[in-house]
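According to numbering that gives the first Met the number 0, the residues represented by the sequence shown are 0 to 584, in order. Backbone N, C-alpha and C fix where the C-beta goes; we use that ideal spot for every residue, glycine too. Quick caveat, the model's predicted, so the values are computed rather than measured. Quick notes on the structure that follows.
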Amino acid sequence: MRWIYAKPDESVVEKLCSEAALSPLIAGLLAARGITSPEAATHFLSPSLEQLHSPYLLRGMKEAVERICAAIANQEQMLIYGDYDVDGTTAVVILKTAIELCGGKAEFHVPHRIKEGYGIKDDVIERAAAVGVKLVISVDTGIRAFQAAETARRVGVDLIVTDHHLPETNEGVPNALAVLNPNQPDCVYPCKALCGAGVAFKVAQALFARYKDAADQTKLTRSFLKMVAIATIADAVPLTGENRVMTKLGLEGLRRPVSGGLKALLEVSGLAGSGRVLQSGDVGFRLGPRINAAGRMDVAADVIELFTSRDPERCRSIAEKLDRLNTDRQAAEAAIVQQIEAQLAEDSDLNGKFCMVFDGEGWHRGVVGIVASRVVEKTGRPALVIATEGDEAHGSGRSVPALHLLDALESCRELFTRFGGHSHAVGFALPSARVPELKQRMNDFVRERLMPEDLVPELRIDAELPLTSIRPDLLQRIASLEPFGQGNPEPVFSACGVNLLVPPHELKEKHVKFRVNQRQADGRKSFNYEAMGWRMAQRVKEEGLQPGDRMDLAFTLTMNDHPEFGGLELALEDFRKTTAATAAN
0 MRWIYAKPDE SVVEKLCSEA ALSPLIAGLL AARGITSPEA ATHFLSPSLE
50 QLHSPYLLRG MKEAVERICA AIANQEQMLI YGDYDVDGTT AVVILKTAIE
100 LCGGKAEFHV PHRIKEGYGI KDDVIERAAA VGVKLVISVD TGIRAFQAAE
150 TARRVGVDLI VTDHHLPETN EGVPNALAVL NPNQPDCVYP CKALCGAGVA
200 FKVAQALFAR YKDAADQTKL TRSFLKMVAI ATIADAVPLT GENRVMTKLG
250 LEGLRRPVSG GLKALLEVSG LAGSGRVLQS GDVGFRLGPR INAAGRMDVA
300 ADVIELFTSR DPERCRSIAE KLDRLNTDRQ AAEAAIVQQI EAQLAEDSDL
350 NGKFCMVFDG EGWHRGVVGI VASRVVEKTG RPALVIATEG DEAHGSGRSV
400 PALHLLDALE SCRELFTRFG GHSHAVGFAL PSARVPELKQ RMNDFVRERL
450 MPEDLVPELR IDAELPLTSI RPDLLQRIAS LEPFGQGNPE PVFSACGVNL
500 LVPPHELKEK HVKFRVNQRQ ADGRKSFNYE AMGWRMAQRV KEEGLQPGDR
550 MDLAFTLTMN DHPEFGGLEL ALEDFRKTTA ATAAN
C-alpha cells in the first residue's frame with residue numbers, strides 16, 4: 000500500500016491560523032480539503048439552515064410542486080414508489096410524511112428485492128391506475144424508467160420522477176410530468192451529490208414553504224434532516240457542500256429523537272441514552288445496516304412502518320426484527336466471503352485479473368453489494384459479485400477511485416436485462432449464460448484503461464503526528480470536522496519509529512491489539528498508546544511482530560469507552576515494520 004501525504008498550501012494554512020484562530024493541525028486538515036478562506040472555514044465548521052439551497056434550483060421542481068399541490072387540494076390519492084435500500088425507504092418516509100403534514104394522502108410501494116427486483120414496474124402503475132390513483136411519485140429510482148413512463152401515460156397517470164442516479168447516456172430522461180435529478184442535463188442545482196432521500200427532502204422543503212409558516216418550516220426542516228442524515232451517510236455520497244450541512248444538523252438532531260421508530264432503532268443498536276451527538280460511523284455501521292437488512296433479507300416496507308407508526312410496542316417489535324435480520328445478513332455475507340477467499344487462495348490466475356468477478360449459485364442477492372466492497376478492500380481491484388438462480392443472475396459492483404464502473408457496464412450494455420448506478424457502485428441483472436462473457440469483457444475493459452499502479456491501494460496520510468504530540472483534547476478538535484465519509488474522510492495520521500512494547504494480542508481470531516511507545520526527542524517523557532488493528536490478525540502473524548520491533552503506523556484517533564480499560568487509542572489503517580530496536584520503557 001502506498002502512503003500518499005497531503006500537501007496543503009502553507010500560505011493558506013497560515014491564513015486560517017491567523018484569521019480564523021485555528022490550530023496549525025486543523026488549519027492544515029481544512030486546507031487539504033479545499034477550505035481556503037476564513038469564511039469557508041466558518042461555514043464548514045458551523046453549518047446552518049441558511050446554507051441550504053432553494054429547492055427550485057432543481058430542474059422540474061416547479062412542475063412537481065404544482066401537481067402535488069393540486070393533488071392535495073383535490074384530495075387525490077397519491078402513490079410514492081421507492082427503492083428497498085436505506086436511501087429509498089427513508090425517502091419514502093420523508094415524502095409521505097411531508098405530503099400528509101400538508102393535508103394530502105399518500106400510499107407507498109417498495110418492491111420486494113427478490114420477488115420484484117429493482118425499478119418501477121409497469122404492473123404496479125397499472126394496478127394503481129385501476130384503483131383511481133392519478134399521481135405516482137418515484138423516490139431514489141426511475142431515472143431510467145422509460146417504459147414505466149410510457150405505461151403511466153397510457154393509463155392516465157401523471158408520473159413525477161425524483162432520483163439521483165446517473166441518467167442514461169444517450170436517451171436522456173423518461174418522458175414524465177416532471178423529473179427531479181441534480182445530475183440530469185441542464186439542471187443547475189449546486190449539489191450534484193444529493194442522495195435519493197436528499198432529493199425527496201427538497202420536495203418536502205418546497206411543500207413546507209407553501210403550507211407552513213416560517214416557524215413551522217424551521218421546526219420541520221430540522222426534524223426531517225435526521226432521516227436525511229441517515230440516508231446520506233448510508234448511501235455513501237460525498238459529505239461535502241449541502242450534504243455536509245444536512246448531515247451535520249441531522250446528526251445533532253438524533254441526540255433528541257421524537258419518532259418512536261427512531262427511538263426503538265437506537266435502542267436495539269446500542270445507541271440510546273448516551274446523550275452525545277451521533278457520529279457518521281454510528282449510522283454507517285450500526286443504524287444503516289439494520290435498516291438495510293429489511294430490504295436485503297425480507298420486506299423493506301417494514302422500515303416505512305417503523306418510522307411512521309405511533310405505536311411504541313409495534314416500533315419495538317419491528318426494530319427487534321431488523322436487528323435479527325441484520326444478524327442473518329452478516330451470516331449470509333460471511334458465507335459468500337469465505338467461498339470467494341477460498342477461490343482466491345486456490346486459483347493463482349485470479350491475482351492477475353484487473354477486474355474481479357465472482358458468481359455463485361444460490362448466493363443471497365441481498366448481500367452481494369456488501370461482499371463486492373469486501374473484495375475491493377481485499378484485492379484493491381474493482382469487483383462484481385453475482386448471485387445466480389437458474390437462468391437469471393443478479394449482481395452488484397464496487398470500484399476503485401481510478402475506474403468509473405458505470406462506464407464499464409455501459410461498454411457491454413447488451414449483456415444486461417437492466418443495469419444502473421454511479422461511478423463507484425452499480426447494480427445489474429443478466430442471463431446466467433452471459434456471466435462468462437461479462438467476466439472477460441469487464442477484465443478487458445479495465446485492463447485497457449488502468450495501469451498496474453492504479454490497482455495498488457493508496458492510503459492518504461493527512462499529517463505526521465508523533466505519539467508525543469497526541470493529547471486528550473486533540474480528539475475533540477478533530478471531531479469538529481465531523482461528519483466523516485465520502486468526500487470528507489476521517490483524518491489519517493502517521494507516526495514513525497514507534498516501539499512495540501508487548502506481544503500482539505489476537506481478538507476473535509481476526510483482530511489484533513498491541514501497545515506502542517514513543518519517547519520525546521530529549522528522552523525525558525514517554526508516551527504509550529494501545530493500537531487496534533481490525534481484521535489485521537493474520538497480517539501481524541505473517542510479519543512476525545515481536546516486542547522491541549520498530550514500526551511506522553498509519554492510524555486514526557478514537558476513544559475506547561470501556562469503563563475498565565478505555566481511553567484514547569489508535570485505530571490502525573496500516574503499519575510498516577522497520578528496523579528492530581529495543582523498546583523504551
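On a Cα-Cα basis, can you pick out the residue from the options that is closest to residue i?
i, options, result
"D548", "T577, V276, Q329", "T577"
"V298", "G59, L21, D84, A40", "D84"
"V130", "S137, M77, L179", "M77"
"R221", "R440, S47, R448, G87", "S47"
"V403", "A151, L165, V366, I339", "Before going further, note that residue 403 is His rather than Val in the sequence given. For the residues A151, L165, V366, I339, the minimum Cα distance to H403 belongs to L165."
"G33", "N487, R575, P546, R380", "N487"
"N516", "E505, E529, L506", "E529"
"E505", "A520, L473, R518, R538", "R538"
"D82", "A235, D139, H561", "D139"
"L408", "A97, G272, P381, K191", "P381"
"G351", "H421, L286, N442", "N442"
"H111", "L100, R315, V123, G103", "V123"
"R126", "V11, A151, F444, M535", "A151"
"G389", "H42, V434, A371", "V434"
"V227", "G197, A214, R254, K507", "G197"
"T35", "D8, A148, I303", "D8"
Would residue i and residue j be called neighbours here (beta carbons separated by less than 8 Å)?
i, j, result
"V156", "K133", "yes"
"D551", "C495", "yes"
"A30", "L44", "no"
"I71", "K95", "no"
"E106", "R143", "no"
"L28", "L480", "yes"
"A424", "R448", "no"
"L571", "I477", "no"
Residue i by DSSP, collapsed to three states: which one?
i, result
"P430", "strand"
"P488", "coil"
"L193", "coil"
"S279", "helix"
"C354", "coil"
"V399", "coil"
"L571", "strand"
"D551", "strand"
"S53", "coil"
"L206", "helix"
"N169", "coil"
"Q519", "coil"
"F483", "coil"
"F513", "strand"
"T88", "helix"
"R308", "Looking at the sequence itself, residue 308 is Ser, so the reference to Arg does not match. Three-state DSSP puts S308 in coil, outside helix and strand."
"M226", "helix"
"R1", "strand"
"N291", "helix"
"M531", "strand"
"R32", "coil"
"C16", "helix"
"K524", "coil"
"I460", "strand"
"M450", "coil"
"E9", "helix"
"F415", "coil"
"G240", "helix"
Considering only DSSP beta bridges, list what residue i is partnered with.
i, result
"Q76", "K104"
"K133", "Partner(s): none; K133 has no beta bridge."
"D157", "L134"
"L179", "T161"
"V425", "G396, G420"
"V497", "M550"
"V384", "F357, S395"
"H504", "K512"
"G566", "N559"
"K576", "M550"
Looking at C-beta atoms only, is the number of pairs between the segment 58-67 and the segment 193-203 that lie closer than 8 Å three or more? yes
Would you check if the segment 284-301 and the segment 339-349 touch, i.e. whether three or more CB-CB distances between them fall below 8 Å? In short, these stretches do not touch, since the Cβ pair count stays below three.
Under 8 Å, with one C-beta from each stretch per pair, do the segment 320-332 and the segment 415-428 reach the 3-pair mark? The segment 320-332, when compared against the segment 415-428, does not touch it at the 8 Å Cβ threshold.
Just checking, does the segment 251-259 make contact with the segment 108-126 on the three C-beta pairs under 8 Å criterion? no
Is the segment 206-223 in contact with the segment 183-193, if contact means three or more CB pairs nearer than 8 Å? no
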